[in-house]
Each structure stands twice: as structure tokens, then as C-alpha cells.
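Everything below concerns the one structure shown next.
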Amino acid sequence: MARIFRIHPAIGTARVGNASRDLFFVGAETPGIPANFDVARREFRSFKDNGLIKPQAAQFRVWEYERLPDGTLRPKREAIAGEDGVTRVEWTVHVANRKAAFFEFHGQQGATDDFKANPLRNAGVTGSDREVRLVIDPGQHVISGRNATPVPLSNSNPTNRAGIPDLGELRTDDAVRLRVIGGRGNTVQTAGDIHNYVNNDGWFDDVSDGPIAAMVTVQGPSGDEVIQAEGAWVIVGPPDFAPAVSNVVRLYDTIWDVAVRQLSSLPPLAAFADGGVLENLRRQREDWAKTGASFTDYEPSFADEIAPLLERAFMATFVHSPAPATAFHTTIDPSMWVNLRDDDKMRQVVFARLRDPDGNDARADQMPKGLGDEYVDEDAVPDGDPLRSNVRRYFSLTRYQYALMRQWMLGKFRRDGDGPRRANVEVITPEGLDLAALENCVGGPFYPGIEVSWLVRKKEIYREPFRLALGSVVGPVEVGPGFFTQQMALPWQADFRDCKREELTDPTTGKTTSAMWWAAQRPDDVYPEADPSGQVPWARPPHLNAGDDDDTRYAEMKSNWFKQGFVAKLVRSTWVEIERA
-13 MARIFRIHPA IGTARVGNAS RDLFFVGAET PGIPANFDVA RREFRSFKDN
37 GLIKPQAAQF RVWEYERLPD GTLRPKREAI AGEDGVTRVE WTVHVANRKA
87 AFFEFHGQQG ATDDFKANPL RNAGVTGSDR EVRLVIDPGQ HVISGRNATP
137 VPLSNSNPTN RAGIPDLGEL RTDDAVRLRV IGGRGNTVQT AGDIHNYVNN
187 DGWFDDVSDG PIAAMVTVQG PSGDEVIQAE GAWVIVGPPD FAPAVSNVVR
237 LYDTIWDVAV RQLSSLPPLA AFADGGVLEN LRRQREDWAK TGASFTDYEP
287 SFADEIAPLL ERAFMATFVH SPAPATAFHT TIDPSMWVNL RDDDKMRQVV
337 FARLRDPDGN DARADQMPKG LGDEYVDEDA VPDGDPLRSN VRRYFSLTRY
387 QYALMRQWML GKFRRDGDGP RRANVEVITP EGLDLAALEN CVGGPFYPGI
437 EVSWLVRKKE IYREPFRLAL GSVVGPVEVG PGFFTQQMAL PWQADFRDCK
487 REELTDPTTG KTTSAMWWAA QRPDDVYPEA DPSGQVPWAR PPHLNAGDDD
537 DTRYAEMKSN WFKQGFVAKL VRSTWVEIER A
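Using this note's numbering, you'd call the opening residue of the sequence shown number -13 and step up by one each time.
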């Protein structure tokens, strides 16, 4: 019987950095332990070298599975060249940047009509010239062997090659694990200034994404046998400037939501019945199918499903200063966890503040305190306009998360701890690799997002939960190299500059409040290391000046993005900003 191999994480995340690629750090591989965190010292390592940001590499491993008597697959061991009959692992990577040749981004326009209403970026470039002049596609690159010579993902597009020499490079370690290092955060301007948060003709950047393949050579009874592993994907995004803080809705949660509510079947993995995290997914799917709108019998774990979500909400206080200050939660203490578990009234009060993703309550002060997929610019929409009453102008939990919280509110949950369960840092598992790679990525809102946008919610793109189906089609778009990043802001620094905290007027109460975008990635407000007694804007002089005109502020972010600080040091009970130029 042929041996079975699968790549993990199924979707890996790398991040741009302009420091030497020899100084890269590997992305998170254990749930609950962020990238670049020193577990032994219980602190983050440096994110910069001589003022430049170190790149985050996405690391991929090949995992061997065994087929059980009932036909399901169970992880057996990591496949390492030179061990257990594995003689060679050969990796193939094909990333691309198709931003300049893609449709313009206009919120949710195109999300339900196959992009029919969306014009193309750089529409003046037509026909076959679009691929030649607008797409950065290094093609397939292969690497194998222990600590192999780095393979650059060279850019052959003459239009922007001088400013973007490559989209990164490939490396291996001493176990022939693949490491994908992304671009340097470069941009190229061939025409016009930046004038828009997401669509700017004549611009290029060096984020990217694409498929990962591995061919595993094993010793067989009749000689060597070459087996293709189940493939994976890599996404290269902007830096995460608040690695200590995770998103209330992580990219993992968004894909999980698709798997619970929309995917037609699950792969034959034993993990769906072994008492671990994926068994929760299977049980949620079965329960959701009864009503198609909520859970009836599924009882979430307080320690693993409820408390971690609440903790991520509390952590937002380190990257977003609310208005008014009294309207926001404060740091939680151990006694509060017990109340959140056992106090019926407290659970009801908290749940009442959550925005129902399928409701029509458009109050700005509901939770999460964020802007949504169908964002409304209050300066451009008059009072009384129906758009101001659209609940989707604000952010909400995913439907499965809201259903979990409803069960918690009703007391239908497992009281299996008095707070969030902490990670087991000693164990690397396939499921853990998949989670760790996505839990510090943005799961919404998608206007457009940070690493990916709303294409990630399309069920058609998945072969199985968290694993993409290369070659599948969504409307006129095929899942291939550059699939996710083509939806993102061009250049990435434009949206990174624009999407910051906003002051809003609640249409129901008339009161002023604040809302965030992706403050766990791009902070709104931070506690500076020099004086952590109060918060200041993350984007502040001298590098960024909020009051300047559009052209100036975009140019500032394009030039000074790497000078910004990281929320990555714990001072007493406060996460503070460090390493700001």
C-alpha cells in the first residue's frame, strides 16, 4: 500500500521585511504561541535589526499519515529525509502578484455577482499586454536537500523589475522543511500618485501567494517510489505590528465558519473523532445542520472556545483606545473569569452587547467595536440615508462564533476551566500547525482586509477545511498563484495608512463612539515604552502625520512603514510598543 503524505500547515503565512533575509524568523507553529516569541524567556525576540524589519518566513513540514482499518487517516510522523525510508523531499513553490491586473476592489461589490460590476485595474493596458506588463509571476521554483542554497523567486517583469527584483526566496532547514521568505515590502510607481486606499493604477508591490507542492521519495520493495504529498498554500502579507494581540475573528475562525456551515463533506481524517479540535468541527457541523442557523445540542468548552474569544476581545484595549473611555472593557482578572463562567446575569449582559451577524441592530456601540464589510463613510452619507442603518456597516462575529456565545449565554457549555487553557508548547501536530499559522491573521472585516479578502469565504475554493483546491473556479477567477493577494490594496501601504480608528455617531442614540479596523495587526493606539501610563496614536509624528493631505500621508507610509513600533513587550500588566524608530 502506498504511503500517504500531507503538507502542514495547509495555509502558511509569511510577512514582508526589509532586513537581511538571513535574519528571518519562522512563523508560529504552536497554537497560542505567536511568531518570534521566546517561550523559555517568556518574551518576544527583536523584530528589527538596525532599524529594519526582519521577515517572517512560512515553514512547511511534510507529515506522513497511516490508514486505519476503518479507512480514516491518522498522523503517524513527520517525514524527514534520511529517516523511516524517506530518501528525498523535493518542494515546488509558485507564488505570484496579480494585483495590478485584477479587478478593482469596491467593498462587497462582486461578492455575489461574479465581479460583473467591477472595472479592471490599469484598464488602459489591454489584451495579452496585461499579463506581460502587470503580473509579477516568477513561475515554479524547486528546492530540495538539507540547508539548500537559497532559491530566489526572481521577477521577470521588465515593467517593475528594478524596484521589485523578486517576491522572496526559498530555503530549507536541516530536516528539509521548506521555508518561504517573502518580499521586502517594496513598491514601484510607474505612473500617478497614490490617491486611493486600495486601487492605484501604475503601482506594484511585492506581497504574493500561491501553491506549495512536495514530492516525497521513499524506499519501496521494488526500488524508490515517488509520492506526491497533499498540497498547501502560502500567503505573504504585511508585518503584524501587534504580535501580542490576536484578532477577535481570526482567519482560522472565518475558514472554520465556512467548514461548519457550507462545505458538503469532510475528508476521512481520524482527527474528526479523536476528541481534539477537529472533532469539535465535526460535531458543530452535525448540530448546525439541524437548523442551519444555530447550535441546539453542541456544548462549547469554556476553556477552549469561550474564554479565548473573550480574552482576545479584552486584549484589544492594548491597540485601540475607545471613545468614550468608559464604554470599553478593561483588563480581566481571575475573579472575572469565574463570573463569566458562573454568573447567569453577567453572561446575559455580555451577550446582549454582541452584534447579531444576521440581525438588524445597527447601533455603533454594539460589539465587536469594529467597522464592517459594507463600510459607510459618514462624511459622504447624509443623516437618514438607509445605508446608515445597515448592520453590516459594522463588524460582527462569524455566525458559528455567535452561536457559540449564545450557547454560553444560555448556560449550555462545559465548565471545564476557570479561564483560557494555555498552549502545550512541547507538541507539534498537523492540526496545531494549521491553527497556529492562521490565528494571527485577520478574519474580517474584508474591506479589503490585511492578508486576504472575502474570496476566502467562498466554499468553492476548498478541497477540505483549511486546504485549497488548486484550479477551482469562483466566477471568472481561478484558484492559482496570486489568488488571494490580488484582491488586496495596491500598494499595501495605502490601506495600511487609511484604515485606522474612526469616530462614529450612533444613529440610534446620537452618541459618539469609536470603531477599529484591524487594530491587532495595524494598531490604532499604543502604550509607548518610554511612558506606558497612557495611549498615543500608533501612526504619529514624525514618521506619520494624520492631519496632512492624502498624497502626503500615503507617501509617508510608503516610505516609513518599517519605522513603526511593535506591540510586543509586557510591562507589568500592559503590552507596550517597542522598537519604534
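The C-beta atom is built at its ideal place from N, Cα and C for all residues, glycine as well.
Taking DSSP as the reference, what is the three-state secondary structure of residue i?
i, result
"M201", "strand"
"Y540", "helix"
"K555", "strand"
"R487", "coil"
"Y388", "helix"
"M502", "strand"
"W189", "strand"
"K444", "coil"
"T78", "strand"
"S32", "coil"
"I241", "helix"
"I19", "strand"
"N546", "helix"
"A218", "strand"
"T627", "Residue 627 cannot be examined here, being either before or after the span of the chain that is shown, -13 to 567."
"L424", "helix"
"E412", "coil"
"Q270", "helix"
"P254", "coil"
"S573", "As shown, the chain starts at -13 and ends at 567. That puts residue 573 outside it, with no answer to give."
"P523", "strand"
"L9", "helix"
For a quick check, are the C-beta atoms of residue i and residue j less than 7 Å apart?
i, j, result
"F23", "G461", "no"
"D420", "P(-5)", "yes"
"A230", "G217", "no"
"V111", "L120", "yes"
"I569", "N83", "Given that the chain is displayed from residue -13 to residue 567, the structure contains no residue 569 and the question cannot be resolved."
"T471", "D226", "no"
"D192", "N108", "no"
"K622", "A501", "The requested residue 622 is not part of the displayed model; the chain covers only -13 to 567."
"W440", "F432", "yes"
"G37", "P254", "no"
"N143", "I122", "yes"
"R407", "A289", "yes"
"L264", "A256", "no"
"V512", "V463", "no"
"D510", "R483", "no"
"G113", "A0", "no"
"Y238", "E446", "no"
Which partner residues does residue i have in the DSSP bridge list?
i, result
"Y380", "L357"
"P138", "E155"
"H(-6)", "R47"
"I213", "V202"
"P514", "E563"
"E64", "W49"
"G223", "R1"
"I39", "K34"
"E265", "In DSSP, E265 forms no bridge with anything."
"L340", "M353"
Which term fits residue i, buried or exposed, when burial requires 16 or more other beta carbons within 10 angstroms of its beta carbon?
i, result
"A245", "buried"
"S6", "exposed"
"H306", "buried"
"L556", "exposed"
"S251", "exposed"
"L54", "exposed"
"D179", "exposed"
"A455", "exposed"
"S382", "buried"
Going by C-alpha to C-alpha distance, which of the options sits closest to residue i?
i, options, result
"N146", "T135, L106, A86 and A554", "A86"
"T384", "E297, N233, G551 and A97", "N233"
"N376", "A348, D365 and G403", "A348"
"M201", "L139, L153, V79 and F91", "V79"
"G93", "R379, V220 and L490", "R379"
"S571", "S458, V562, D179 and M(-13)", "With the chain covering -13 to 567 only, the question about residue 571 has no answer from this structure."
"A67", "A541, D159 and P354", "D159"
"G13", "R27, Q473 and Q42", "Q42"
"L530", "F89, N546 and D492", "N546"
"Y448", "F469, G435 and V428", "F469"
"A21", "A228, N410, F(-9) and Y51", "A228"
"P514", "W524, L296, F548 and A505", "W524"
"P308", "F(-9), G262, I241 and T498", "T498"
"V438", "D369, A475, V324 and G418", "A475"
Counting only C-beta atoms, is residue i closer than 7 Å to chain C at any point?
i, result
"Q94", "Absent from the structure: chain C. Only one protein chain is present."
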